[in-house]
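>
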Amino acid sequence: MQKRLGEILVEAGYITEEELQRALEVQRQEGHKRRVGEILSEMNLKDEHLLEALALQHRMQIARDADFPPDLPLENLSYEFLKRHEVFPIRLEHNTLYVAIPEPQRADVIEVLEASLGYRVIPLLARREVILRHIENAFASREATMRRVIADVQEDITPESPEELDHLRDLAQEKGIIKLVNLLIENAVRDRASDIHIEPEEGYLRVRYRIDGILHEKEALPLRMHPAVASRIKLMASMNIAERRMPQDGRIEGTFADREIDIRVSTLPSVHGESIVMRLLDRESSFITLENLGFDDHLLRLYQRLIQQPYGMILITGPTGSGKSTTLYASLDRINTPQKKIITIEEPVEYMLKGVTQINVRPKIGLTFATGLRHIVRQDPDIIMVGEIRDLETASIAIHAALTGHLLFSTLHTNDAPGAITRLMDMGVENYLVSSTLIGVVAQRLVRRVCTSCREAYEVPRELREEFGLTEESLYRGRGCSECSGTGYRGRIAIFELLVVNDEIREMIMEKATAAELRERAIALGMRTLRQDGILKATKGITTLDEVLRVTQTEIV
C-alpha cells in the first residue's frame, strides 16, 4: 500500500508527529478542502522536503533546477498552454517526453500531451515556482527565437531569388517563412495588439504593433524578405499573390497563441512595395458590459434611460478606433430580450450576439448599408443597429426607421456630440427630421489606463492645476515595469460626452443652430465634455492628464 505523505515526512525527520497531528486537525476543521502538504508548508515545512516526500510517495523522479533546458525541446507548445497547466517539457528521448509538473495528481495534462503530441509522456516532480520561472525564461527569449527564425528564412531567400509567381508561391510555403509569419501574429496576440503593420521602407522591412492605441516598432527585417512575407500573408488570406499594383482585402481565421483569432488583411501598394495591415479580432475576448466601458454612475443612468426608449435614434461618434462598436454591442446586449427583435448590419460583424440577427455588408454584390437597411425594416424589427451612416441614402432610411417606431443605433465620424447633429444636416437630412428622431448622441475616445503594478502619485505644477481647474495637488502616472513593457500603461478605457436631446435642444435644431451654439447650450444644461470626463478619470488615478490631452487636444473645455 502507498504510504501516507505525513508518515513519510515523519519517518524522514522533516516534521514531528505533533506537527503532523496539528496539520491534520487544521485539515479536519477546514472540511478537508486542502491537502495536508499545503498546510504543512504554511507551518514551515521546506518545499524541498515536501517535494522529496511526494516523489517517494508516488514513486516519481524529481526535476532539479539544473535539469531544465534553456530552450524548449518542442516548438508546438505555447506559452499559454504551459502557464495554464504549470507544465514544462524537460527533454525528448526517442518517443518519450519527460515533463515537469508541480504535483502528482495531474493525469489530465499528461493525457492531453500524449493525445496531442503522440509521445509517451513521463512526469517528473518539480517545485511550482521553478517551473513557472523556466516558462517565463523560455519565452522571455522571444527576441532570440525571432532572430533564429529570421536566420532560417534568410537561408531560403538569397539576394538573387527571383520574384516569379511560382517561386513566390513556393517561398510562401517554405517552413521558415510559415514559422516567421505565425510568430509575428502570435507575438502580436500575446502583446494584446489590435493591429500589425508590415511596412517596406528604404533598406528594411518594418513591423509595428498597435497596442492600446499606440504603434510600437517590434521588428526590423531584411527588405528582401518582403516578397516572401507578403506572399505568405496573401496565401493565408486567400488573396491574389500575383496582384501587387492594386489594393486588396482578405481575411484569415485561425488559432494563434492558443486563441481563436479573426484577422482582416489589407494591402496597399507603396513606393517601396506593398504595405500590409492586419486587424486582429479575438473571438474569445471577454464581452465588455456597459458598466466596464468607462461610464460613471451618473452617465450610466442617463445612457441606460436613453437605450430603454421604444423608438428614436441614438448615435455614437468618434474617430476610427475609439471603441464605438464596443459601445454599440454593450448597448444591444443590455436591451436584448426574447421579447425584442434586434437586427444589425455591420462591416464586419465583430462580436456574435446570441438571439440577434447580424448581417455582414457585402458591397461587391450590392449589399450596402443602405440596401441592407431597406430590407431590414421589412423584417419587423424592434431595434436596428447600422454600423455606420456614411451618406444621405443611409441617413434617410435610418431616420425613416426611427420615425416609424424603431429604436435605431448607428455611428458617425465627428469630433464631438453636438457635431453629429450638424453633420446629419450637412448630409442633406432636413432639420425637422433630425429634431423629430434623434434622442441622444454619445461622443467617445479611448485613453490608456495607468498600469496598476507601477502606479505612483506625483505633484502637478500649479500652472497646470489652474489651467485645467484641478483641485487635487497630485495625479497619477506609471513608472514603467515588466507588466506594462515599460510604458506605464496597460489596457484602455473610454471617456464620454453624452448629449441628451431634450425639448430645448430640439428647438435649437429646428432653428438650425450651429454645432458651437448647440455645444454651449448643452454644457449649460449639464453636459460633461470629453476633456472634463477625462480629467475626472485622471484625478481618480485611472488614466493620466497626458493621455486626456492627447486624445482631446482639439476639444474645448
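If you use the working numbering, the sequence shown corresponds to residues 12 to 568, in order. Each residue gets a CB set at the ideal place from its N, CA and C atoms; glycine is no exception.
Would you mind sorting A526 into buried or exposed? The rule is 16 or more other CB atoms within 10 Å of its CB.
buried
> Can you round the beta-carbon distance between I112 and L136 to whole angstroms, since I take them to be within the 8 Å contact cut?
7 Å
> Report yes if the C-beta distance between Y322 and L384 is below 7 Å; otherwise report no.
no
> Pairs of beta-carbons, one from the stretch 536–547 and one from the stretch 358–369, closer than 8 Å: are there three or more?
Below 8 Å, too few C-beta pairs join the stretch 536–547 and the stretch 358–369 to call them touching: fewer than three.
> With DSSP run on the structure shown, which of helix, strand or coil describes K245?
helix
> Could you tell me the distance, in whole angstroms, from the CA atom of E254 to the CA atom of R243?
13 Å
> Are the beta-carbon atoms of R456 and S333 separated by less than 7 Å?
Yes.
> Enumerate in chain order the residues of its own chain whose CB-to-CB distance from E28 is below 8 Å, with the five nearest sequence positions on each side excluded.
V21
> Under 6 Å Cβ to Cβ from T425, same chain only, skipping five residues before and after it: list those, please.
T328, A431, R434
> Just to confirm before moving on: does the CB-CB distance between A454 and D427 stay below 7 Å?
yes
> Below 7 Å CB to CB, which residues in the same chain sit around I408 once its five sequence neighbours on both sides are set aside?
A381, L384, R385
> With a Cβ-Cβ cutoff of 7 Å, do E357 and R459 count as a contact?
no
> Can you tell me which of I19, L16, L143, R203 puts its alpha carbon nearest to the alpha carbon of S496?
R203
> Rounded to the nearest angstrom, what separates F150 and L279 at their Cα positions?
Taking the straight line from one Cα to the other gives about 33 Å.
> Would you kindly check if the distance between the Cβ of V440 and the Cβ of S421 is under 7 Å?
For the 7 Å CB-CB criterion, S421 and V440 do not form a contact.
> With R107 and R139 assumed to form a contact (beta carbons below 8 Å), what rounded beta-carbon distance in angstroms separates them?
Just to set this straight, residue 107 is Thr in the shown sequence, not Arg. Going by Cβ atoms, the distance from T107 to R139 rounds to 24 Å, so no, they are not a contact pair.
> Buried or exposed: which applies to Y443, given that a residue is buried once 16 or more other Cβ atoms fall within 10 Å of its Cβ?
exposed
> With the cut-off set at 7 Å, would you say L414 and T448 are in Cβ contact?
Going by C-beta atoms, L414 is nearer than 7 Å to T448.
> Just tell me which of P330, V192, S336, L556 has its CA closest to the CA of A248.
V192
> For Y109, does the three-state DSSP call read helix, strand or coil?
strand
> Tell me which same chain residues have a C-beta within less than 8 Å of the C-beta of E6, skipping the five on either side of it?
Residue 6 lies beyond the residue range present for the chain, which begins at 12 and ends at 568; the question has no answer from this structure.
> Short of 7 Å in beta carbon distance, which residues of its chain neighbour Q38, apart from the five on each side in sequence? Order them along the chain.
R45, V47, I50
> From L88, L291, Q165, L317, pick the residue whose C-alpha is nearest to that of Y220; which is it?
Taking only the C-alpha atoms, the option nearest Y220 is L291.
> From the DSSP secondary-structure annotation, give me the bridge partner or partners of N371.
E357
> DSSP beta-bridge partners for L226?
R221
> A454 bridges to which residues according to DSSP?
T328, E508
> Near N347, which residues of its chain fall below 7 Å by C-beta distance, leaving aside the five closest residues on each side in sequence?
Answer for N347: I353, L364, G366, V367, listed in chain order.
> May I have a chain-ordered list of the beta strand (DSSP E) segments no shorter than 3 residues that lie completely inside the stretch 80–158?
Every beta strand (DSSP E) stretch that sits fully inside the stretch 80–158 and reaches 3 residues is listed by chain position as 99–104, 107–112, 131–136.
> Do the stretch 507–519 and the stretch 469–487 meet, that is, are 3 or more Cβ pairs less than 8 Å apart?
no
> Please determine, among I26, L232, S336, V200, the residue with the shortest C-alpha to C-alpha distance to E271.
For the options I26, L232, S336, V200, the alpha carbon positioned closest to that of E271 is the one of V200.
> So, are the CB atoms of I188 and V164 less than 7 Å apart?
yes
> What is the rounded straight-line gap between the Cα of E122 and the Cα of G129?
10 Å
> Three-state secondary structure (DSSP) at L364?
coil
> Using beta-carbon positions only, say whether A412 and V388 come within less than 7 Å of one another.
yes
> Determine the burial state of I395: buried for a count of at least 16 other Cβ atoms within 10 Å of its Cβ, exposed for fewer.
buried
> Would you kindly work out how many angstroms separate the C-alpha atoms of M519 and L194, rounded to a whole number?
Near 56 Å, if we compare the C-alpha coordinates of L194 and M519.
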